[in-house]
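Student: If you scroll down you'll find the structure; I have some questions about it.
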């Protein structure tokens, strides 16, 4: 007999289960906590932590040795960059551990609550420079407990063949971006006006509020999707080869994340070489603005298409999104050739940022929904962690490729990125027929 909480509530709110609003708010505050701290991290390390690190930060020498850095020669800029890169990468790797703990030992709720408490402890510990590295470790491990499991519980709100699933993930995606947009503004203002401790207290408060909402609203959330699916007599499939399909989807996603990471790496360097101030802060504000504007528009469009029986499936949405991203990357490559490496106009740069994000609105929510559909019973959290692992891999690959900047021509670099993006689109095109043969990734047992 399935557990009492194994099925989502039949009540709906704006066409979706009430648990969607809860997870939207929890993820918004978790991302507020994450992005608020991340926005301050480099400056905080450089100004406060690293100047006295050799004698005042616990574990500093050991970490430098692991990173093959000589503290006496590397300098604070390089060390802070290396630490930031390791931290940013591992927050997308540890969801594998969190998924394993949730699926095999503790369940999603307990793992999310435990991870959230570790994040709170880490943010509070950041106010003491001596324990800075220990604080980062707590945040990395805690994020692993929260990130993939929240996404897995999002999937649990819907039956495996529910066409609202991808639209639900689109709404969930808005919560991520609200938190990511507000946090740097609020925390930077607090750091400037009230000091670092006040800013880190704000990031801690964000996670505490998210946890409080999660605990109070937990009755709206199913705990074990595997039991719910079993009680419905369904089993996960994908043309008989779900693992192979997930592998190709993951490879496709990695290539698209390589394209995405250029926005904070090589693209910043290129646009910063122009004679005029393009205003990177303004350009970087375009993607979250597009999410806030574009998600309601696309959700309404897909809902209308669903009522007419014409809503595109997740594979089609992903392919459309990947194709738009490729078009934007080809635009950048063409501009670099036509301009001879000179910086494009601000309006063309803005078009690239806006177009890329439209592609992402098609791709990412559909991908998250599809990964959740393809999850084997009992492996939902780990399967969602694989999605975040593609971001980790894209970060690593992007850092390595970004090292070519300056050693190859500007046009050659952007054409290479366009070619890599095309590989991702080709992989997505290969997957689409397989996805279309099993559009809901489930079959009814006879």
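Numbering (UniProt numbering), first residue to last: 1 to 446. Just so it is clear, CB atoms sit at the ideal spot from N, CA and C, and this is done for glycine as well. Keep in mind that this is a model prediction, so the values were computed, not measured.
1) May I ask you to report which of helix, strand or coil DSSP gives residue 225?
2) According to DSSP, what are the bridge partners of residue 405?
3) Does the separation of the CB atoms of residue 256 and residue 298 fall below 8 Å?
4) Tell me which residues share the same chain as residue 225 and place their Cβ nearer than 6 Å to its Cβ, disregarding the 5 neighbours each side in the sequence.
5) Indicate the three-state DSSP secondary structure (helix, strand or coil) for residue 376 in the structure shown.
6) With a cut-off of 8 Å on the beta carbons, I'd call residue 344 and residue 335 a contact; round off their distance for me.
7) Taking 8 Å as the threshold, find out whether the stretch 403 to 422 comes into contact with the stretch 240 to 250 through three or more Cβ pairs.
8) Going by C-alpha distance, which of 430, 353 and 175 is nearest residue 268?
9) Going straight from the alpha carbon of residue 313 to that of residue 293, what length do you get?
10) Distance check for residue 143 and residue 116, CA to CA, integer angstroms please.
11) Tell me the rounded alpha-carbon separation between residue 57 and residue 220.
12) Closer than 6 Å by C-beta to residue 337: which residues in its own chain qualify, once you throw out the five before and the five after it? Chain order, please.
13) Report the option in 290, 34, 134 and 20 whose CA atom is closest to the CA atom of residue 62.
14) Since residue 117 is in the alpha helix (DSSP H), which residue starts that stretch and which ends it?
15) Please identify the residue among 311, 191, 37 and 147 whose C-alpha is closest to the C-alpha of residue 84.
16) Going by DSSP in three states, residue 68 sits in which element: helix, strand or coil?
17) Is residue 35 closer than 8 Å to residue 392 when the C-beta atoms are compared?
18) Along the chain, where does the alpha helix (DSSP H) containing residue 214 start, and where does it finish?
19) Distance, Cα to Cα, residue 240 vs residue 371?
20) Alpha carbon to alpha carbon, what distance is there between residue 114 and residue 94?
21) Can you look up residue 247 in the DSSP assignment and give me helix, strand or coil?
22) Which residue wins for smallest C-alpha separation from residue 49, given the options 413, 126 and 296?
23) Using 8 Å as the threshold, is the C-beta distance between residue 89 and residue 252 below it?
24) Could you please give the first and the last residue of the uninterrupted alpha helix (DSSP H) stretch that includes residue 305?
25) For the ligand FAD, I want to know if residue 64 counts as a neighbour, meaning its beta carbon is within less than 7 Å of at least one of the ligand's heavy atoms.
26) Any contact between the stretch 192 to 208 and the stretch 100 to 108? By contact I mean 3 or more CB pairs, one from each, below 8 Å.
27) I'd like the list of long-range same chain contacts for residue 213, defined as Cβ closer than 6 Å, with 5 residues on each side in sequence excluded.
28) With a threshold of 16 other CB atoms inside 10 Å of the CB of residue 322, please say whether the residue is buried or exposed.
29) So residue 339 is in the alpha helix (DSSP H); what residue range does that whole segment cover?
30) What is the rounded straight-line gap between the Cα of residue 170 and the Cα of residue 67?
31) Classify residue 357 as helix, strand or coil using the three-state DSSP reduction.
32) Taking C-beta to C-beta, are residue 201 and residue 120 nearer than 8 Å?
33) Can you grab the Cα-Cα spacing for the pair residue 23 / residue 149, in whole Å?
34) What's the C-alpha gap between residue 147 and residue 340?
35) Whole angstroms is fine: what's the gap from residue 367's alpha carbon to residue 318's?
Tutor: Quick answer:
1) Model confidence at residue 225 stands at a pLDDT of 46, short of 50, so the residue's coordinates are unreliable; what they give is reported in the following sentence. Look at residue 225 here: in three-state DSSP terms it is helix.
2) Bridge partners of residue 405: 408.
3) No; because the gap between Cβ atoms is not below 8 Å, this pair is not in contact.
4) At residue 225 the pLDDT is 46, less than 50, meaning the model places this residue with poor confidence and gives no usable figure here.
5) Residue 376: coil per DSSP, three-state reduction.
6) By a beta-carbon distance limit of 8 Å, residue 344 contacts residue 335. Their separation comes to about 5 Å.
7) With fewer than three CB-CB distances shorter than 8 Å, the stretch 403 to 422 does not count as touching the stretch 240 to 250.
8) Nearest option by C-alpha distance: 353.
9) Approximately 22 Å between the Cα atoms of the pair.
10) The alpha-carbon of residue 116 is positioned some 7 Å away from that of residue 143.
11) Distance between the alpha carbons of residue 57 and residue 220 is about 43 Å.
12) So the qualifying residues of the chain are 411.
13) Checking every option, the nearest Cα to that of residue 62 belongs to 134.
14) Boundaries of the alpha helix (DSSP H) around residue 117: 108 to 125.
15) That would be 37, whose Cα lies nearest to the Cα of residue 84.
16) Here residue 68 carries a coil assignment [DSSP, helix/strand/coil].
17) With a cutoff of 8 Å on beta-carbon distance, residue 392 and residue 35 are scored as not near each other.
18) Going by DSSP, residue 214 is part of the alpha helix (DSSP H) stretching over 196 to 216.
19) Per-residue confidence for residue 240 stands at a pLDDT of 49, beneath the threshold of 50, marking its modelled position as unreliable; the derived number appears in the next sentence. Looking at the two C-alpha atoms, the distance is approximately 15 Å.
20) So the alpha carbons of these two residues sit roughly 14 Å apart.
21) Assignment of residue 247 by DSSP, reduced to helix, strand and coil, places it in the helix class.
22) Measuring from the Cα of residue 49, the nearest candidate turns out to be 126.
23) Their beta carbons are not under 8 Å apart, which means residue 89 does not touch residue 252 by this criterion.
24) That run of the alpha helix (DSSP H) goes 286 to 307.
25) The ligand FAD is not part of the structure shown, which contains no ligands of any sort.
26) Result no; under three Cβ-Cβ pairs closer than 8 Å.
27) Cβ neighbours of residue 213 beyond the five flanking positions: 25 and 26.
28) Buried.
29) In this chain, residue 339 is not harboured by any alpha helix (DSSP H), its DSSP state being neither H nor E.
30) Approximately 38 Å between the Cα atoms of the pair.
31) When DSSP states are grouped into helix, strand and coil, residue 357 belongs to the helix group.
32) No.
33) Rounded to whole angstroms, the gap between the alpha carbons of residue 23 and residue 149 is 11 Å.
34) When rounded, the distance between both Cα atoms is 42 Å.
35) So the two alpha carbons sit approximately 7 Å from each other.
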